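Numbering (the working numbering), first residue to last: 1 to 209. C-beta: ideal position from N, C-alpha, C; glycine also. Small disclaimer: the values here were computed from a predicted structure and weren't measured.
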């Protein structure tokens with residue numbers, strides 16, 4: 001037998017809970033396949049994913065008896081994930097949609113289940129948590145992306161500098177050769193090969209004598 005205890009009051013819609021859970025499981029599998037096969041662009045897929053997450057979790061909250069069930073906290077994770085994967089105002093849009101979904105669920109439940117106590121304060125606090133999470137995560141993700149971009153630029157600059165240094169060394173008239181601890185050639189120019197009479201030596205070769 002399938003049995004889940006309601007989180008708030010005596011209201012619990014088992015059929016809706018099981019139906020949403022199974023439908024969400026099927027969608028999660030399809031979304032995983034879509035990501036692996038790259039059927040859609042990343043940004044569009046993230047927006048659809050977060051939007052459907054909000055709908056599914058809100059339905060689970062409703063089926064489990066309201067905000068007291070604890071399922072609404074999953075929306076915080078959803079908003080945080082959306083804020084990491086997206087940029088700009090879209091992250092705040094996720095927080096707004098989650099807040100609206102929670103408030104709508106409360107209004108619907110109060111209208112159709114008068115015996116249940118309204119939890120508007122709880123819904124308001126969750127809405128504040130959604131926006132706070134979105135703001136903090138978005139700011140952190142923005143700084144992380146800026147750091148990654150800076151590191152990438154520094155990497156390109158270092159590669160260009162190394163290439164320039166190698167070009168200068170190869171053009172020098174003086175012979176240059178550098179070995180590592182295993183006596184392997186780490187750096188050598190054409191002048192060094194000519195002066196030593198070793199035209200066949202290459203970078204990476206080991207010098208035994």
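Same chain only: Cβ atoms within 7 Å of residue i, ignoring 5 sequence neighbours per side
i	result
residue 118	106, 110
Residue i: first and last residue of the uninterrupted beta strand (DSSP E) it sits in
i	result
residue 185	185 to 188
Bridge-paired residues (DSSP) for residue i
i	result
residue 179	185
residue 206	184
Rounded separation between residue i and residue j - CA only
i	j	result
residue 154	residue 21	47 Å
residue 36	residue 121	41 Å
residue 182	residue 201	16 Å
residue 62	residue 24	15 Å
residue 78	residue 150	29 Å
residue 130	residue 48	18 Å
residue 108	residue 147	45 Å
residue 135	residue 95	9 Å
residue 127	residue 60	17 Å
N- and C-terminal bounds of the alpha helix (DSSP H) containing residue i
i	result
residue 76	74 to 85
residue 138	120 to 171
residue 198	No alpha helix (DSSP H) contains residue 198, which DSSP labels as neither H nor E.
residue 99	89 to 112
Same chain, Cβ closer than 6 Å to residue i, neighbours up to 5 away in sequence not counted
i	result
residue 243	Summary: the structure shown does not reach residue 243, with the chain confined to residues 1 through 209, and so no result is reported for it.
residue 198	none
residue 58	101, 105
Same chain, Cβ closer than 8 Å to residue i, neighbours up to 5 away in sequence not counted
i	result
residue 31	45, 49
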